[in-house]
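Visitor: Residue numbers are given in this note's numbering: position 23 of the sequence shown equals residue 112, and the series is strictly consecutive.
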Amino acid sequence: MTETEHPNVTAVRQGFQAFESGDMQWMDEHIAEDVVWHVGGKSKMSGSYRGKEEVLNLFAKQAEMMGSGPRLDVHEVVGNDEHVIAIGSASLDDPDGGTVEWKWANVFHVKDGIAHEVWELADDSSAFDALVDKRM
Numbered sequence: 090m091t092e093t094e095h096p097n098v099t100a101v102r103q104g105f106q107a108f109e110s111g112d113m114q115w116m117d118e119h120i121a122e123d124v125v126w127h128v129g130g131k132s133k134m135s136g137s138y139r140g141k142e143e144v145l146n147l148f149a150k151q152a153e154m155m156g157s158g159p160r161l162d163v164h165e166v167v168g169n170d171e172h173v174i175a176i177g178s179a180s181l182d183d184p185d186g187g188t189v190e191w192k193w194a195n196v197f198h199v200k201d202g203i204a205h206e207v208w209e210l211a212d213d214s215s216a217f218d219a220l221v222d223k224r225m
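1) So, with DSSP's three-state summary, where would you put residue 150?
2) Residue 180 lies in the beta strand (DSSP E); which residues open and close that run?
3) Which residues bound the beta strand (DSSP E) around residue 122?
4) Is residue 223 helix, strand or coil when you go by DSSP?
5) Hey, residue 128 and residue 134 are a contact pair by Cβ (cut 8 Å); roughly how many whole angstroms apart?
6) Leaving aside the five residues before and after residue 176 along the sequence, list all residues of the same chain whose C-beta is less than 6 Å from its C-beta, in chain order.
7) Who are the near neighbours of residue 220 in its chain, counting only those whose CB is closer than 7 Å to its CB and skipping five residues on each side?
8) With DSSP collapsed to three states, give me the class of residue 216.
9) Helix, strand or coil for residue 142? Go by DSSP, reduced to three states.
10) Kindly indicate the opening and closing residues of the alpha helix (DSSP H) around residue 97.
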């Protein structure tokens, strides 16, 4: 028996590809109007963003701040009709030299391929927080 990937899992995988390629149109089409997006940590970017406009502005700010990064390695994406969990690792060059690396998990509340609420979590956000604050 061949197992078929759940459509919400496919949507989240496509979302990571869209984010990395800067495809904001795809992101706009797959985020609910009343989305809530939670960014963990204690950086200037941390917090909860409410509504599609705030979230798309967050993505634009992240793209501007991070330049060509971060480099994402999606290890696993699993999900069902309501939730998708993605885990992976990422790295971002520090403008002062070196590279910041972290492991992450994102939890998506998804309905019919549309994200309604998302939680971004990092295993140790202190180095990433410092880098974000330095770049903002």
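For glycine and all other residues, C-beta sits at the position ideal for the given N, C-alpha and C.
Guide: With the structure as the only source:
1) Residue 150 sits at position 61 when you count from the first residue of the sequence shown. DSSP places residue 150 in helix when its eight states are reduced to three.
2) Stepping through the sequence shown from its first residue, residue 180 is reached at position 91. Counting along the chain, the unbroken beta strand (DSSP E) around residue 180 starts and ends at 172-182.
3) Walking along the sequence shown from the start, residue 122 turns up at place 33. Where residue 122 is concerned, the enclosing beta strand (DSSP E) stretches over 120-128.
4) The residue you call residue 223 lines up with position 134 of the sequence shown. Residue 223 falls in the helix class under three-state DSSP.
5) The sequence position of residue 128 within the sequence shown is 39, counting from 1. The sequence position of residue 134 within the sequence shown is 45, counting from 1. Residue 128 to residue 134, Cβ: 6 Å. Contact.
6) Working through the sequence shown from its first residue, we reach residue 176 at position 87. These residues qualify, in order along the chain: 164, 165, 194.
7) For this step, residue 220 is matched to residue 131 along the sequence shown. If we look at residue 220 and ignore the five residues flanking it on each side, its Cβ neighbours are 181, 183, 189.
8) Within the sequence shown, numbered from 1, the residue matching residue 216 stands at position 127. In this structure, residue 216 counts as helix in the three-state DSSP scheme.
9) Locating residue 142 in the sequence shown gives position 53, where the first residue counts as 1. In this structure, residue 142 counts as helix in the three-state DSSP scheme.
10) Here residue 97 corresponds to residue number 8 of the sequence shown, with the count starting at 1. 96-110 is the extent of the alpha helix (DSSP H) around residue 97.
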